[in-house]
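Accompanying notes for the structure given below.
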């Protein structure tokens, strides 16, 4: 024990690690869920973890709007198939889409590290402009801050978005999930996580694995225009398909049964995961989502999805009638429980 300046005693032992934020707290796993439940939701009113979705639904003069925000700290800034710029647009547009909302406008806040090359910033902003044009949304407002050298990893971006719920009858969210619903997956999984890791570590595989980074409003719009009854949508970002299914299982209070043989993973992604010891079901995606809907709409929904860069869209499972975990039936017929990871296999992938 050491004497303090006020004559008292101070302990040189650092606080318990449970009192500090760890990198895993941002990974979308159990650490993050505990942080939100025990700290964030406990201090901020009107946040019910059971109803949390990809965005909040607001009402203004009879119109329903969706509002969301997201921050992007991906490392490195550029990777095969995308960059922090395209990610910052598509990620927020996709959160709006998961609410059933047409994107109207985005904000963009830049936190720039002193010393960042201007050419890098220009490249990121060009990617943002191209992504916004592709997503059919305008960046309307923003903010710029610069921090000292060594206080950030080049560039962080925050975007917020607002969208219109044009389909007034739609009420999409985890609370709408019902026993007997089926689960559809819009495409292959695992590519974004592997693409970012390859860029970060300088890894080379037999062929270049590109991120699935893409806007999702168009396929969602097509589903809604087709009159398909959708109970829930969720994009597969941090924690991948497995984490998403676990979250929806917990929020709905019903168990999910998934079939691994129907979940498509590109052969090159499978090979990379085997080499690196990663599970593709837990890897992040930035252009894939699940649809939970009544069985009678499943076939028509798959027809619609295959028209929108979703050649690998599949029916991958169903929702059971009792509370329980996510059960995965393997390709060889055995069954395992998908558990929420503590942090994430790969930090800072978005």
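Numbering (this note's numbering), first residue to last: 233 to 582. Where a beta carbon is used, it is the ideal one built from N, C-alpha and C, also for glycine.
**Report entry** Secondary structure, beta strand (DSSP E): runs of 3+ residues fully inside the stretch 408-441
**Finding:** 414-417
> So is residue 475 buried or exposed if we call it buried at 16+ other beta carbons inside 10 Å?
Replying inline: buried
ask   = So, using beta-carbon positions, are residue 460 and residue 397 closer together than 8 Å?
value = no
- Rounded to whole angstroms, what's the CA-CA distance from residue 412 to residue 508? Just pull it up for me. 37 Å
According to DSSP, residues forming a beta bridge with residue 567: 561
Subject >> 6 Å CB neighbourhood of residue 267 in its chain, flanking five on each side removed >> reply: 257
Assuming contact is defined by CB atoms lying nearer than 8 Å, are residue 468 and residue 517 in contact in what I supplied? yes
Is residue 369 helix, strand or coil by DSSP?
-> coil
#### Entry: Meets three-Cβ-pair contact criterion under 8 Å: the stretch 370-381 and the stretch 327-345
yes
*Closest Cα partner of residue 481 within the set 288, 405, 347 and 254*: 405
Inset, instruction - Give the secondary structure of residue 528 by DSSP, where H, G and I count as helix, E and B as strand, and everything else as coil. - result: helix
| message | Check for me: the alpha helix (DSSP H) holding residue 338 runs from which residue to which? | response | Counting along the chain, residue 338 sits inside no alpha helix (DSSP H); it lies in the beta strand (DSSP E) bounded by residues 334-345.
Using the Cβ count rule (16 or more neighbours within 10 Å means buried), how would you classify residue 554?
Exposed.
Flag this pair as yes or no: are the beta carbons of residue 393 and residue 328 separated by less than 8 Å?
yes
Buried or exposed by the 16-neighbour rule on C-beta atoms within 10 Å, applied to residue 300:
The residue is buried, with at least 16 neighbouring Cβ atoms inside 10 Å.
- Ordered along the chain, which non-local residues of its own chain (more than five positions away) have a Cβ less than 6 Å from that of residue 314? Cβ neighbours of residue 314 beyond the five flanking positions: 443 and 445.
- Item | For residue 448, the three-state DSSP class (helix, strand or coil) | In the structure shown, residue 448 falls within a coil segment according to DSSP collapsed to helix, strand and coil.
Top-ranked residue by Cα proximity to residue 348, from 312, 388 and 358
388
Taking the alpha-carbon positions, what's the residue 332 to residue 520 distance? 15 Å
Assign residue 402 to buried or exposed, taking buried as 16 or more other Cβ atoms, counted over all protein chains shown, within 10 Å of its Cβ. buried
Item checked: CB of residue 569 within 8 Å of CB of residue 484, strictly -> no
What would DSSP say about residue 573, mapped onto helix, strand or coil? coil
_Using only the alpha-carbon positions, how far apart do residue 577 and residue 305 sit?_
16 Å
* Asked: So, is residue 264 buried or exposed, given that buried needs 16 or more other C-beta atoms within 10 angstroms?
  -> buried
Cβ neighbour criterion (16 or more within 10 Å) applied to residue 437
Per the 10 Å Cβ criterion, exposed.
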